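Numbering (full-length UniProt numbering), first residue to last: 1 to 138. Note that beta-carbon positions come from the ideal geometry of N, C-alpha and C, so glycine has one too. All values derive from a computational prediction rather than experimental measurement.
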């Protein structure tokens with residue numbers, strides 16, 4: 001078995017989908033150049049996030065509000081969140097959502113996969129997270 005990259009162009013009438021071993025994929029014989037596909041990641045916006053309205057609204061509040069109204073946070077003494085951790089099974093839209101928020105707000109995001117921090121000991125995992133955090137805050 002080997003990995004195959006693909007782009008989903010539609011999911012029918014369902015509000016969301018999950019790609020599993022039983023998913024039927026119809027190939028329409030329209031290849032996308034890898035370079036073109038990667039560059040289109042920067043074009044992802046809120047309109048591309050489907051079926052996760054409540055979660056997207058919450059994340060937008062956490063990211064956009066401090067950017068648009070920083071004085072409100074200073075006045076009230078409330079510290080805005082600088083980190084967002086999304087956990088869930090593969091293919092549920094976590095990365096798509098974060099890319100959309102980053103592109104729409106002009107902010108930076110740093111993708112960390114679970115396998116990047118999995119290790120033999122808790123100390124090693126903690127050290128990995130600390131290193132990732134350091135790079136994000138630079």
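Inclusion of residue 93 and residue 16 in the CB contact set at 9 Å is warranted, their separation being smaller than that value. At least 9 Å separates the beta-carbon of residue 85 from that of residue 95. In this structure residue 102 touches residue 109 by the C-beta definition: roughly 4 Å separates them, less than 8 Å. Nearest in C-alpha terms to residue 107, of all of 65, 55, 90 and 49, is 65. Non-local C-beta neighbours of residue 70 in its own chain, meaning closer than 6 Å and more than five positions away in sequence, are absent. The Cβ atoms of residue 97 and residue 59 sit closer than 9 Å to each other. DSSP, reduced to helix, strand and coil, places residue 122 within a helical segment of the structure shown. Counting along the chain, residue 65 sits inside the alpha helix (DSSP H) bounded by residues 53 to 68. In the three-state scheme derived from DSSP, where H, G and I count as helix and E and B as strand, residue 132 is classed as helix. DSSP places residue 92 in the coil class of the three-state scheme, outside both helix and strand. Counting only residues of its own chain and dropping the five nearest sequence neighbours on each side, residue 89 has a CB closer than 8 Å to the CB of 18. In this structure residue 44 is buried. Its beta-carbon is surrounded by 16 or more other beta-carbon atoms within 10 angstroms.
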